[in-house]
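Novice: Here it is, the structure, as structure tokens.
There are 2 protein chains.
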Amino acid sequence: MTDESSPSGRRVTLADVAARVGVSAITVSRALRRPDMVSERLRAQIGQAVRELGYVPDPAARALASRRSNVIGVIIPSITNNVFSDVLTGIYDTIEGTPFDIQLGNSRYAESKEEDILRVFLSQRPAGLIVTGFDQSPVTRALLETAGCPIVQIMETGENPVDMMVGFSHFDAAGAATRHLIEQGYRAPAFIGARMDPRSQRRFQGYRAAALAAGVFAENRVLTTSESSNVSLGAKLFAELMAHAPETDAVLCNNDDLALGVLFEARRLGLSIPDRLGICGFNDLEMMACAEPPVTSVRTFRQQMGKQGSEMLLARLNGESPANPLVNLGYELMVRRSTTR
Amino acid sequence: MTDESSPSGRRVTLADVAARVGVSAITVSRALRRPDMVSERLRAQIGQAVRELGYVPDPAARALASRRSNVIGVIIPSITNNVFSDVLTGIYDTIEGTPFDIQLGNSRYAESKEEDILRVFLSQRPAGLIVTGFDQSPVTRALLETAGCPIVQIMETGENPVDMMVGFSHFDAAGAATRHLIEQGYRAPAFIGARMDPRSQRRFQGYRAAALAAGVFAENRVLTTSESSNVSLGAKLFAELMAHAPETDAVLCNNDDLALGVLFEARRLGLSIPDRLGICGFNDLEMMACAEPPVTSVRTFRQQMGKQGSEMLLARLNGESPANPLVNLGYELMVRRSTTR
DNA sequence: TTAACCTATGACAGCGCTGTCATTACTTGA
DNA sequence: TCAAGTAATGACAGCGCTGTCATAGGTTAA
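Protein chains in written order, with this note's numbering: chain B, 5 to 345; chain C, 5 to 345.
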């Protein structure tokens with residue numbers, strides 16, 4: 005293929021293909037976008053000419069003429085966070101092979117940044133949008149509502165989707181983990197959280213409600229920070245926690261990085277797991293099952309959220325309306341040795 | 005601002021701004037792109053009109069007319085790999101605030117996929133390209149060479165950059181780590197590697213050369229797989245290694261995930277670290293310093309690679325020619341308890 | 001048989017912007 | 001004083017494609 009590509013650097017256009025076949029440009033355009041509208045004979049000839057000339061449509065021209073780009077804008081709050089790289093993988097895997105391109109925006113957990121990014125996306129007349137959560141600022145929310153393209157909110161389930169939504173209840177998931185700790189006989193469960201974005205907040209609330217219900221909640225066993233999560237921070241926070249609240253016998257961590265830090269620090273402090281200390285993470289990253297001892301965690305379906313969100317978007321772009329615009333993917337508590345006593 | 009934005013959903017164009025100020029569209033265009041070419045008075049008036057009307061340039065129209073998009077194409081082999089999320093962070097941080105947009109392609113460690121992605125990028129007449137490594141297929145290499153835009157190859161240093169290059173020598177880095185193990189008195193160092201992409205291969209070669217030089221190389225202490233890295237795989241491979249080559253007294257891991265798996269598995273096997281077994285990772289992810297015991301690793305400057313690569317690209321797009329088109333960022337051996345005996 | 005209706009194709013304008021080449025009004029130096 | 005230069009602005013065409021409407025030829029139903 006592309007036998008005669010770039011004969012002189014000049015771009016191969018629709019018109020070139022059309023001339024080769026002896027039809028008008030618009031027919032070639034149709035053959036590519038709506039093959040059913042073109043006779044089989046021409047379709048075949050055009051296909052061959054496209055291959056021979058190495059024709060590739062110009063997305064800018066297409067966007068300008070159709071007033072609709074092939075860009076799917078994705079706004080996530082972090083690109084280093086494992087959680088979002090999994091989500092992204094799901095999105096990229098699904099969009100790949102479609103005519104759409106992904107444009108990624110990193111809001112760094114800032115509402116104002118999210119709004120800026122959205123404005124940039126909207127200037128491109130995106131085909132669709134994927135945004136994280138439902139805690140948008142009022143302005144952002146309004147922009148989304150008038151965006152005029154399908155929109156999926158991912159990572160959470162909630163009441164009023166702008167359009168479609170795929171996620172799970174962070175409150176419920178953290179509640180289930182907390183109840184598990186209590187069932188295992190832990191009587192002084194603590195909560196360690198970092199970054200404390202809206203989803204972390206809801207996880208905390210889930211923990212709090214469950215602990216209160218069992219009569220084992222204590223304010224001094226809650227340790228949170230606005231710093232962003234990492235393993236060292238988990239270790240540091242846990243050391244602090246044990247200094248202030250030595251009665252702590254279990255820790256629910258806002259995520260697995262923190263949990264791993266707690267695991268390492270507990271070992272340094274000589275606390276036996278799961279007897280003296282239970283540890284539960286959140287997200288169930290691959291490493292949790294392999295740790296020593298293996299660490300209990302709440303599995304979340306991150307890649308699936310990206311995949312299903314994208315699929316719903318594609319379906320809408322394909323003119324279909326999804327059976328259910330509000331999908332709850334749930335969670336699964338993966339009980340392991342770190343909390344089994 | 006945007007007092008009267010979308011009075012009827014119609015897009016605000018250059019012409020609208022021009023009419024408001026009483027100048028021609030081209031003057032507005034110039035005021036935005038080359039402010040020095042417009043009188044101060046008009047510049048101010050135009051700036052105000054832009055704000056009042058909420059004008060945002062249409063990137064598609066701009067790309068079509070100028071025959072150059074504002075897209076910087078980035079091709080990486082994986083988005084889940086921590087290494088590349090760090091690189092990406094460096095890139096996004098640097099490009100943010102410039103008029104450029106990033107388009108991300110995931111080649112999944114496949115040459116053919118890389119070529120496909122590149123073709124898609126090229127169809128957009130990108131402003132610049134960032135690609136991973138220098139092991140492109142001949143076709144891809146040729147496409148890059150005729151791309152007609154600045155290009156940065158990141159992650160490695162090598163002989164023939166297509167244009168610019170920022171990275172380090174994986175061979176040297178792995179060699180240094182191996183020599184460290186030998187200096188610490190380890191006499192049967194093994195190598196565990198997963199995925200074995202070109203950079204992993206070069207790390208292996210660095211290990212091999214150093215081990216051979218010291219007379220401690222043994223084929224049966226090399227365990228590699230094409231599976232992709234994760235912690236469990238590290239544990240699994242290490243268990244296998246110890247079954248086949250029980251004399252092993254140290255392990256150089258292709259990356260930190262594997263190293264962490266080795267750490268956990270060593271604990272399960274009851275091997276004391278660093279006495280019975282030395283462990284050295286690669287990349288120095290944050291968690292290595294916090295592990296118990298802290299794990300020696302080769303620090304690589306991932307975010308810096310993304311940052312500096314982007315900066316070189318931006319400089320070129322700004323008409324400057326970089327002082328040095330071939331930057332070696334080096335590495336740093338972070339010696340910790342896991343190999344100190 | 002004929003009006004009504006499809007199906008396959010084409011003509012045309014225009015999406016919103018920028019490259020190129022004027023044009024106008026000032027400076028400037030000798 | 002005037003040719004030559006500079007700074008600031010504008011006119012115009014066209015980037016490559018698609019939406020819209022028109023057209024030609026063939027099919028259908030009554």
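C-beta atoms are modelled at their ideal positions from N, C-alpha and C, and glycine is treated no differently.
Under 6 Å Cβ to Cβ from P297 of chain C, same chain only, skipping five residues before and after it: list those, please.
Specialist: If we look at P297 of chain C and ignore the five residues flanking it on each side, its Cβ neighbours are I277, R341 and S342.
Novice: Using a C-beta to C-beta distance shorter than 8 Å, which residues of chain B count as neighbours of E290 of chain C?
Specialist: Here the neighbours are N234, V235 and S236.
Novice: Do V75 of chain B and Q107 of chain B have their beta-carbon atoms positioned less than 7 Å apart in this structure?
Specialist: It is a contact, given that the beta carbons lie within the stated cut-off.
Novice: Alpha carbon to alpha carbon, what distance is there between A48 of chain C and A131 of chain C?
Specialist: Cα to Cα, A131 of chain C sits roughly 29 Å from A48 of chain C.
Novice: For F104 of chain C, which of helix, strand or coil comes out of DSSP?
Specialist: If DSSP states are grouped into helix, strand and coil, F104 of chain C belongs with coil.
Novice: Spatial neighbours of L18 of chain C within its chain, please: C-beta separation below 7 Å, excluding the five flanking residues on both sides.
Specialist: So the qualifying residues of the chain are A29, V32 and S33.
Novice: So what does DSSP say about E251 of chain B, is it helix, strand or coil?
Specialist: Note: E251 of chain B maps to coil in three-state DSSP.
Novice: Hey, quick one: how far does the alpha helix (DSSP H) through P63 of chain C stretch, first residue to last?
Specialist: Note, P63 of chain C: alpha helix (DSSP H), P63 to S70.
Novice: In chain B, what lies closer than 8 Å to Y113 of chain C by C-beta?
Specialist: Within chain B, no residue comes near Y113 of chain C; the closest Cβ sits about 14 Å away, beyond 8 Å.
Novice: Taking only beta-carbon positions, decide if V60 of chain C is within less than 7 Å of chain B.
Specialist: Yes, because at least one Cβ of chain B sits closer than 7 Å to the Cβ of V60 of chain C.
Novice: Looking at L241 of chain C: is its Cβ nearer than 7 Å to the Cβ of L264 of chain C?
Specialist: No, Cβ-Cβ distance for L241 of chain C and L264 of chain C is not below 7 Å.
Novice: I'd like the list of long-range same chain contacts for F125 of chain B, defined as Cβ closer than 6 Å, with 5 residues on each side in sequence excluded.
Specialist: Cβ within range, chain order: G77.
Novice: If you measure from the beta carbon of S342 of chain B to each beta carbon in chain C, is any gap under 7 Å?
Specialist: It does not; no Cβ of chain C falls within 7 Å.
Novice: Using the DSSP secondary-structure output, state which residues sit across from F286 of chain C in a beta bridge.
Specialist: DSSP, once it has assigned bridges, lists C:V302 as partnering F286 of chain C.
Novice: Can you give the Cα-Cα distance for S204 of chain C and N258 of chain C, rounded to whole angstroms?
Specialist: Cα to Cα, S204 of chain C sits roughly 7 Å from N258 of chain C.
Novice: In angstroms with no decimal places, state the Cα-to-Cα distance between S10 of chain C and A146 of chain B.
Specialist: In this prediction, S10 of chain C has a pLDDT of 39, which is less than 50 and means its spatial position is unreliable; what the coordinates show is noted afterwards. Whole-angstrom Cα-Cα distance: 13 Å.
Novice: Determine the extent of the beta strand (DSSP E) in which I76 of chain B is found, giving its start and end residues.
Specialist: That run of the beta strand (DSSP E) goes V75 to I80.
Novice: On the three-state DSSP scale, how would you describe Q188 of chain C?
Specialist: Reduced to three states, the DSSP call for Q188 of chain C is coil.
Novice: Alpha carbon to alpha carbon, what distance is there between V135 of chain C and L122 of chain C?
Specialist: Computed Cα separation, rounded: 9 Å.
Novice: Spatial neighbours of S173 of chain B within its chain, please: CB distance less than 6 Å, with the 5 preceding and 5 following residues excluded, ordered by chain position.
Specialist: Closer than 6 Å at the Cβ level, and outside the excluded window around S173 of chain B, lie T161.
Novice: Determine the contact status of P142 of chain C and Y113 of chain C, defining contact as a CB-CB distance below 7 Å.
Specialist: Not a contact, by the Cβ cut-off of 7 Å.
Novice: Using the three-state DSSP reduction, which class does V27 of chain C fall into: helix, strand or coil?
Specialist: Here V27 of chain C sits in coil by DSSP.
Novice: Nearest to G179 of chain B by alpha carbon, out of B:P193, B:V166, B:M168 and B:G171?
Specialist: Considering only alpha carbons, the answer is B:P193.
Novice: By alpha-carbon positions, which one of B:A67, B:R271, B:A23 and B:D288 ends up nearest to R280 of chain B?
Specialist: The candidate whose alpha carbon is nearest that of R280 of chain B is B:R271.
Novice: Pop quiz: I155 of chain C and Y96 of chain B are said to be a contact at Cβ under 8 Å. What is the actual Cβ separation, rounded to whole angstroms?
Specialist: Rounded, the Cβ-Cβ distance is 22 Å, inconsistent with contact.
Novice: Against chain B, with Cβ distances strictly below 7 Å, would F268 of chain C count as a contact?
Specialist: Taking Cβ atoms only, chain B reaches closer than 7 Å to F268 of chain C, which makes this a yes.
Novice: State the Cα-Cα distance for the pair N224 of chain C and A295 of chain C, rounded to the nearest angstrom.
Specialist: Those two C-alpha atoms are separated by around 28 Å.
Novice: Mind checking who L227 of chain B pairs with in its DSSP beta bridge?
Specialist: BP columns for L227 of chain B point to B:I196.
Novice: State buried or exposed for T348 of chain C, treating a residue as buried only when at least 16 other CB atoms are found within 10 Å of its CB.
Specialist: Outside the shown range of chain C (5 to 345) lies residue 348 of chain C, about which nothing can therefore be said.
Novice: So if DSSP puts G132 of chain C in a beta bridge, which residue, or which two residues, is it bridged to?
Specialist: According to DSSP, which records beta bridges pairwise, G132 of chain C is partnered with C:I76.
Novice: Which value, in whole angstroms, describes the spacing of the CA atoms of E115 of chain C and V166 of chain C?
Specialist: The alpha-carbon atoms of E115 of chain C and V166 of chain C are separated by roughly 16 Å.
Novice: Only counting the same chain, and skipping five residues up and downstream in sequence, which positions put a Cβ closer than 8 Å to that of D358 of chain B?
Specialist: What the structure shows of chain B is the stretch from 5 to 345, and residue 358 of chain B is not part of that stretch, so it cannot be assessed.
Novice: Could you tell me the distance, in whole angstroms, from the CA atom of M291 of chain C to the CA atom of S233 of chain B?
Specialist: Those two C-alpha atoms are separated by around 11 Å.
Novice: Report the neighbours of A37 of chain B on chain C: residues whose CB is nearer than 7 Å to its CB, in chain order.
Specialist: Reading off the sequence shown, one finds Arg at residue 37 of chain B, where the question assumed Ala. The premise fails here: R37 of chain B is roughly 16 Å from chain C at the closest Cβ pair, so nothing lies under 7 Å.
Novice: Considering only their Cβ atoms, is the gap separating D253 of chain B from S301 of chain B smaller than 7 Å?
Specialist: Their beta carbons are not under 7 Å apart, which means S301 of chain B does not touch D253 of chain B by this criterion.
Novice: Taking the Cβ atom as the reference point for each residue, do Q157 of chain B and F138 of chain B lie within a distance shorter than 7 Å?
Specialist: Taking 7 Å as the Cβ cut-off, Q157 of chain B and F138 of chain B qualify as a contacting pair.
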